[in-house]
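Novice: What follows is a structure written as structure tokens; I'll ask about it next.
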Amino acid sequence: MQMKIIVVGCGPKGIAIQTKLQVLKKLHKKPISKLVIIDKKGIAANWGGDSGFTDGENRLCTLPDKDIGFPYSSIFGEQVNAEMFKYSWSSFLIDTNKYREWIERGKPQPLHKDWYEYLKWVWERTNTNTQFIKGDVTKIQIVPTNNIWNIKVKTDNGPRTVKGNSLVLTGPGKPIHTKLSPPEDENHLLPLIFDGKSYWEKKFYLDHIKNVFRHNAPSAKIGLLGTGETAATIIHSLLDELREFNFKIYCLSRHVSIFSRGENYFGNHFFSCPDDINKNWQDYSLKLRKEFIERTDRGVLSTNVLNIMNHSEKIEIIYLNDNWDVSIEGSKIKLQPDKNNSLKSIHLDCFVDATGFDPLIFINDQFDDETRNRLVNHIIQNEKYILQYYNSIKDAQRDLGLDPLILIKNILPLMIGKDLSVDGFYPKLYLPMIAGLSQGPGFPKLSALGLLSDRIFEPLIEK
Ligand SMILES: Cc1cc2nc3c(=O)[nH]c(=O)nc-3n(C[C@H](O)[C@H](O)[C@H](O)COP(=O)(O)OP(=O)(O)OC[C@H]3O[C@@H](n4cnc5c(N)ncnc54)[C@H](O)[C@@H]3O)c2cc1C
Numbered sequence: 330m331q332m333k334i335i336v337v338g339c340g341p342k343g344i345a346i347q348t349k350l351q352v353l354k355k356l357h358k359k360p361i362s363k364l365v366i367i368d369k370k371g372i373a374a375n376w377g378g379d380s381g382f383t384d385g386e387n388r389l390c391t392l393p394d395k396d397i398g399f400p401y402s403s404i405f406g407e408q409v410n411a412e413m414f415k416y417s418w419s420s421f422l423i424d425t426n427k428y429r430e431w432i433e434r435g436k437p438q439p440l441h442k443d444w445y446e447y448l449k450w451v452w453e454r455t456n457t458n459t460q461f462i463k464g465d466v467t468k469i470q471i472v473p474t475n476n477i478w479n480i481k482v483k484t485d486n487g488p489r490t491v492k493g494n495s496l497v498l499t500g501p502g503k504p505i506h507t508k509l510s511p512p513e514d515e516n517h518l519l520p521l522i523f524d525g526k527s528y529w530e531k532k533f534y535l536d537h538i539k540n541v542f543r544h545n546a547p548s549a550k551i552g553l554l555g556t557g558e559t560a561a562t563i564i565h566s567l568l569d570e571l572r573e574f575n576f577k578i579y580c581l582s583r584h585v586s587i588f589s590r591g592e593n594y595f596g597n598h599f600f601s602c603p604d605d606i607n608k609n610w611q612d613y614s615l616k617l618r619k620e621f622i623e624r625t626d627r628g629v630l631s632t633n634v635l636n637i638m639n640h641s642e643k644i645e646i647i648y649l650n651d652n653w654d655v656s657i658e659g660s661k662i663k664l665q666p667d668k669n670n671s672l673k674s675i676h677l678d679c680f681v682d683a684t685g686f687d688p689l690i691f692i693n694d695q696f697d698d699e700t701r702n703r704l705v706n707h708i709i710q711n712e713k714y715i716l717q718y719y720n721s722i723k724d725a726q727r728d729l730g731l732d733p734l735i736l737i738k739n740i741l742p743l744m745i746g747k748d749l750s751v752d753g754f755y756p757k758l759y760l761p762m763i764a765g766l767s768q769g770p771g772f773p774k775l776s777a778l779g780l781l782s783d784r785i786f787e788p789l790i791e792k
């Protein structure tokens, strides 16, 4: 059967899938006939510093050795490991004559822009069998008559339609806006409101922040919502870029403190080999899996960022429960906590919502109504997953009555099967970005890209 997979997003995941396909084909295994990768910005765009998310100067948190082939224990055997290693971080450094230096400098974490160079290097060596389309995916639908994906793409040469049997959605998704959204008009900068993407989008913003701070010195105030890695990289950047100013960053936290994520072998192995230890990831209770992710991944900071924060007198952690309000007053942002918060109302010069990203963006925004309804109906028909989350179907119906998107948000992550697609849903829909709870915490991240591509292709290889 002709099998065509469409991947939306040409980041590490898309490139890892492409590389594994290339290697499998070389070794005469052919899981699919065609791979199409679509990206609106180009190759590895989220890492270079021109597309938001980073300025390229931040350091990767994960070890770079956790590259597109990691953990090099392929389901398809040793030959595949050896072939994949040709596209490893080490091979890239050897090829670009940087290996010795990297080792002798103590294997520093690369900057995002170095990681971007690595990803492009892999792409250039493995893309021979891929059709790449540079364009913005604007609509995703299923053609009911023949059960295939129909993807509408806006390109520089006009609209295009791409059809395929399976769809892989990648990328961190859309920044979350808890109560305030940054202004859409680029020329309308005041008040200064940013999110985890827009903060990085234009260096010009920084000049603007500097002007505001110069004007308000010495008491300029930044409110930063969130206490995870998104917040940490922004704090790091603010401390560096605004070092000449006196200002305060109020880190607004749901908790009374912030928590650290010191990595260790016992936790790390769940990211790269979720099924390799005495017990499979899925065999642990949902409560234990959630707890693991909360302690190691969500809303926790790496120890090197915490050290930087520890040494700065410009940072204050403020507990803020969920009952707060925010309003614009001229060029200021007024934060109004309720009476149970220790913080009284405060006027901020800058507000950053760094609470993270919503990976379900494509389903919420690009799926047409019929396709989204089809997914919702599929969830409703799978009571076993609903009852993992809710005490009863009645509770679930109450939520569903409010908003089907809540059902998608709560239940869909539990329905991701071993091959990282939605269990029982056809045409196949692969959602690695929400596979953490059901298949292993490394799949949404960079920690298991080799395993991710194995999992997708394994059932497709003709035995
Ligand atoms: C700057 C940054 C640093 C990070 N650091 C780490 C880290 O150190 N360790 C770790 O494990 N995780 C890290 N993460 C988490 C990260 O989300 C995932 O690890 C990463 O997203 C995996 O790569 P990806 O291929 O899924 O996504 P990405 O590399 O984000 O690629 C997604 C692509 O989708 C494209 N796209 C988006 N919308 C559309 C559309 N409508 N049409 C077409 N194309 C579209 C984008 O242009 C982008 O190129 C980081 C994320 C970012 C953004």
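Position 290 (the sequence shown) corresponds to 619 in my numbering; numbering is contiguous.
By construction, the Cβ of each residue, glycine as well, lies at the ideal position given by its N, Cα and C atoms.
Owing to the predicted nature of the structure, the values given are computational and were not obtained by experimental measurement.
Is it the case that the CB of Asp-465 approaches a heavy atom of ligand 1 more closely than 6 angstroms?
Specialist: Under cutoff, so the answer is yes.
Novice: With DSSP as the reference, identify every bridge partner of Leu-581, one or two as the case may be.
Specialist: DSSP, once it has assigned bridges, lists Leu-554, Ile-647 as partnering Leu-581.
Novice: Spatial neighbours of Ile-790 within its chain, please: C-beta separation below 7 angstroms, excluding the five flanking residues on both sides.
Specialist: Excluding sequence neighbours, Ile-790 sits near Lys-358, Pro-360.
Novice: To which residues does DSSP link Cys-679 through a beta bridge?
Specialist: Cys-679 pairs with Leu-521, Ile-551.
Novice: In the DSSP assignment, find the beta strand (DSSP E) that holds Asp-368 and state where it starts and stops.
Specialist: Its beta strand (DSSP E) spans residues 363 to 368.
Novice: Quick check: is any heavy atom of ligand 1 less than 6 angstroms from the C-beta of Ile-564?
Specialist: Not so, every heavy atom of ligand 1 lies at least 6 angstroms from the Cβ.
Novice: Below 6 angstroms, is the gap between the Cβ of Gly-500 and the nearest heavy atom of ligand 1?
Specialist: The answer is yes for Gly-500.
Novice: Among the candidates Ile-785, Gly-746, Ser-721, Phe-600, whose CA atom is the shortest distance from the CA of Gly-769?
Specialist: Considering only alpha carbons, the answer is Phe-600.
Novice: Do Ile-622 and Gly-765 have their C-beta atoms within less than 7 angstroms of each other?
Specialist: A contact, by the Cβ cut-off of 7 angstroms.
Novice: So is His-441 buried or exposed if we call it buried at 16+ other beta carbons inside 10 Å?
Specialist: Its Cβ being crowded by 16 or more others within 10 Å, His-441 is buried.
Novice: Could you check the C-alpha separation between His-676 and Ile-662 for me, to the nearest Å?
Specialist: Answer to the nearest angstrom: the Cα atoms are 6 angstroms apart.
Novice: Tell me whether Thr-632 counts as near ligand 1, meaning its Cβ is closer than 6 angstroms to at least one heavy atom of that ligand.
Specialist: Every heavy atom of ligand 1 is 6 angstroms or more from the Cβ of Thr-632, so no.
Novice: Can you grab the Cα-Cα spacing for the pair Ile-763 / Lys-738, in whole Å?
Specialist: When rounded, the distance between both Cα atoms is 9 angstroms.
Novice: Leaving out five residues before and five after Pro-773 in sequence, what residues of the same chain have Cβ atoms less than 6 angstroms from its Cβ?
Specialist: Within the same chain, Pro-773 has close Cβ partners Met-762, Gly-765.
Novice: Return helix, strand or coil for Ser-402, following the three-state DSSP convention.
Specialist: The answer is coil: DSSP assigns Ser-402 none of H, G, I, E or B.
Novice: May I have the straight-line CA-CA distance separating Thr-490 from Ile-334, to the nearest angstrom?
Specialist: One C-alpha to the other measures close to 14 angstroms.
Novice: So does the segment 575 to 583 actually touch the segment 644 to 664, counting three or more Cβ pairs closer than 8 angstroms?
Specialist: The answer is yes - the segment 644 to 664 touches the segment 575 to 583, with three or more Cβ pairs under 8 angstroms.
Novice: By DSSP, does Thr-459 sit in helix, in strand, or in coil?
Specialist: Strand at Thr-459.
Novice: Taking the alpha carbon of Val-629 as the point to measure from, which residue in Pro-511, Asn-387, Ser-589 has its own alpha carbon closest?
Specialist: When each option's Cα is compared against that of Val-629, the closest is Ser-589.
Novice: Just checking Ala-549 against ligand 1 - is the residue's beta carbon closer than 6 angstroms to any of the ligand's heavy atoms?
Specialist: Ala-549: no, Cβ never under 6 angstroms from ligand 1.
Novice: Whole-angstrom Cβ separation of Ile-692 and Arg-703, contact assumed at under 8 angstroms?
Specialist: Wrong, their Cβ atoms sit about 11 angstroms apart, outside the cutoff.
Novice: Using alpha carbons as the reference points, say which of Asp-682, Asp-651, Thr-684 lies closest to Asn-669.
Specialist: Ranking the options by Cα distance to Asn-669, first place goes to Asp-651.
Novice: On the premise that Phe-421 lies in contact with Asn-778, defined as a C-beta separation below 8 angstroms, what is that separation, rounded to the nearest angstrom?
Specialist: It is worth fixing the name first, because residue 778 is Leu in this sequence and not Asn. The Cβ separation is near 14 angstroms, so there is no contact.
Novice: Under the criterion of a Cβ to heavy atom distance below 6 angstroms, does Asn-479 qualify as lining ligand 1?
Specialist: No, Cβ of Asn-479 sits at least 6 angstroms from all heavy atoms of ligand 1.
Novice: With DSSP as the reference, label Phe-382 as helix, strand or coil.
Specialist: Coil.
Novice: In the DSSP assignment, find the alpha helix (DSSP H) that holds Gln-717 and state where it starts and stops.
Specialist: It spans 712 to 718 - the alpha helix (DSSP H) in which Gln-717 sits, taken as one unbroken run.
Novice: Taking only three categories from DSSP, how would you classify Gly-591?
Specialist: If DSSP states are grouped into helix, strand and coil, Gly-591 belongs with coil.
Novice: Helix, strand or coil: which one does DSSP assign to Ile-335?
Specialist: Looking at Ile-335 - three-state DSSP - the assignment turns out to be strand.
Novice: Looking at Gly-378: is its Cβ nearer than 7 angstroms to the Cβ of Gly-500?
Specialist: No, Cβ-Cβ distance for Gly-378 and Gly-500 is not below 7 angstroms.
Novice: Any heavy atom of ligand 3 closer than 6 angstroms to the Cβ of Leu-389?
Specialist: With respect to small molecules bound, the structure shown includes ligand 1 and not ligand 3.
Novice: On a CA-only basis, which of Lys-370, Ile-404, Leu-649, Thr-391 is nearest Ile-785? Give me that one, please.
Specialist: Checked all of Lys-370, Ile-404, Leu-649, Thr-391; the closest Cα to Ile-785 is Ile-404.
Novice: Could you pull the DSSP bridge partners for Gly-493 from this structure?
Specialist: Beta-bridge pairing links Gly-493 to Trp-478.
Novice: Since Val-352 is in the alpha helix (DSSP H), which residue starts that stretch and which ends it?
Specialist: From DSSP, the alpha helix (DSSP H) with Val-352 extends over 341 to 355.
Novice: Given a cut-off of 7 angstroms, decide if Val-336 and Val-451 are closer than it, judged by their beta-carbon atoms.
Specialist: Not in contact: Val-451 and Val-336 (Cβ atoms no closer than 7 angstroms).
Novice: Using the C-alpha atoms, what's the distance from Thr-562 back to Asn-387?
Specialist: Asn-387 and Thr-562: Cα-Cα distance of roughly 7 angstroms.
Novice: Confirm, please, whether the CB-CB distance from Ser-767 to Leu-749 is below 7 angstroms.
Specialist: Not in contact: Leu-749 and Ser-767 (Cβ atoms no closer than 7 angstroms).
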